[in-house]
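In terms of numbering that gives the first Met the number 0, the sequence shown is residues 0 to 182.
Just so you know, even glycine gets a beta-carbon here, dropped at the ideal spot from N, CA and C.
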Amino acid sequence: MQSKTEITTSFQTKWAEVESLIAGMADDKFVAKPDPEVWSIAEEFDHVVKSAAAVSSAMKVSPFILKWKFGKPNRDIRNYDECFNRYHEKLASVRGKAVAPSPFISEEGKSFNKDSMLNHWGMTGNKLEKHIRKWSDNNLDKVLIPHPLLGKMMVREILFFTHFHTEHHLKSLKKKANQQPLQ
C-alpha cells in the first residue's frame with residue numbers, strides 16, 4: 000500500500016467496514032460500556048472519527064505552509080511496515096502511560112448520536128480521499144505534519160498510520176460488538 004490509489008482504495012474498504020459495523024448496531028449496544036474503565040463503542044468510534052478528521056484537516060492546508068511551519072524531512076520516508084512497527088515500539092515504550100491526547104477523546108458525559116457520527120465519518124472519508132488525490136506524490140513524501148506520539152511524520156506516513164489506527168480500532172469495535180453488556 001504505497002501509491003495514492005492503493006491508499007485510497009484501502010481507506011474506502013476500511014471506512015465501509017467501520018460504517019457497516021456501526022450502522023448495523025443497536026443504539027443501546029452502541030453506547031453501552033462493556034467495562035467502566037473501557038471506552039464504549041460510541042466513545043471509541045468518536046476517537047477514530049476525530050483522529051481521521053484531524054488528518055483531513057491538516058491536508059487542507061497548503062503544502063507550502065506546512066513546509067514553512069514544520070520544516071523539511073531529515074530522513075527517508077518509511078514504508079507501511081516500518082511506520083506500523085515504529086508506532087508499536089513507541090506504544091510499548093509508554094505502556095500504561097499512553098493516553099490519546101484530549102482533542103481525540105470524548106468529553107465526559109457526552110451523548111452520542113450514531114447517525115450524526117456515521118454522517119461525520121462518511122464526510123471525513125470523502126474529504127480525506129479528495130485531499131489524497133489532490134496532493135502530489137512528491138508532497139506526500141516531503142511534507143511533515145506532527146503526530147502526538149510519533150512526532151513529525153511525512154504525510155504519506157500519517158496516512159499509513161491512519162490506516163492501521165483505523166484497522167486497530169475496527170478490531171476492537173468488532174470485539175466489543177460481540178461482548179455481552181454488564182448486568
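Which residues bound the alpha helix (DSSP H) around residue i?
| i | result |
| --- | --- |
| P62 | 62-69 |
| K129 | 113-133 |
| L172 | 154-176 |
For residue i and residue j, what's the separation of their Cα atoms in angstroms?
| i | j | result |
| --- | --- | --- |
| S50 | R74 | 25 Å |
| Q182 | K28 | With a pLDDT of only 44 at Q182, under 50, the local geometry of the prediction cannot be trusted, and the value read off the model is given with reservation. Rounded to the nearest angstrom, the two C-alpha atoms are 13 Å apart. |
| L143 | K71 | 7 Å |
| T198 | K133 | A question about residue 198 goes unanswered here, because the residues of the chain that appear run from 0 up to 182. |
| V154 | Q11 | 18 Å |
| F63 | S135 | 12 Å |
| H119 | I6 | 20 Å |
| K151 | M116 | 29 Å |
| K13 | H164 | 11 Å |
Buried or exposed for residue i, going by 16 or more other Cβ atoms inside 10 Å?
| i | result |
| --- | --- |
| I21 | buried |
| G121 | exposed |
| L158 | buried |
| T8 | exposed |
| A91 | exposed |
Compare the beta carbon distance of residue i and residue j with 8 Å and say whether it is the shorter of the two.
| i | j | result |
| --- | --- | --- |
| I40 | L172 | yes |
| H162 | V47 | no |
| L149 | R77 | no |
| D26 | K126 | no |
| K59 | H130 | yes |
| D45 | F111 | yes |
From which residue to which residue does the beta strand (DSSP E) around residue i run?
| i | result |
| --- | --- |
| I6 | Careful: I6 lies outside any beta strand (DSSP E), inside the alpha helix (DSSP H) at 3-22. |
Within 8 Å (strictly less), CB to CB, does residue i reach chain D?
| i | result |
| --- | --- |
| G121 | Among the protein chains of the structure shown there is no chain D, as only one such chain exists. |
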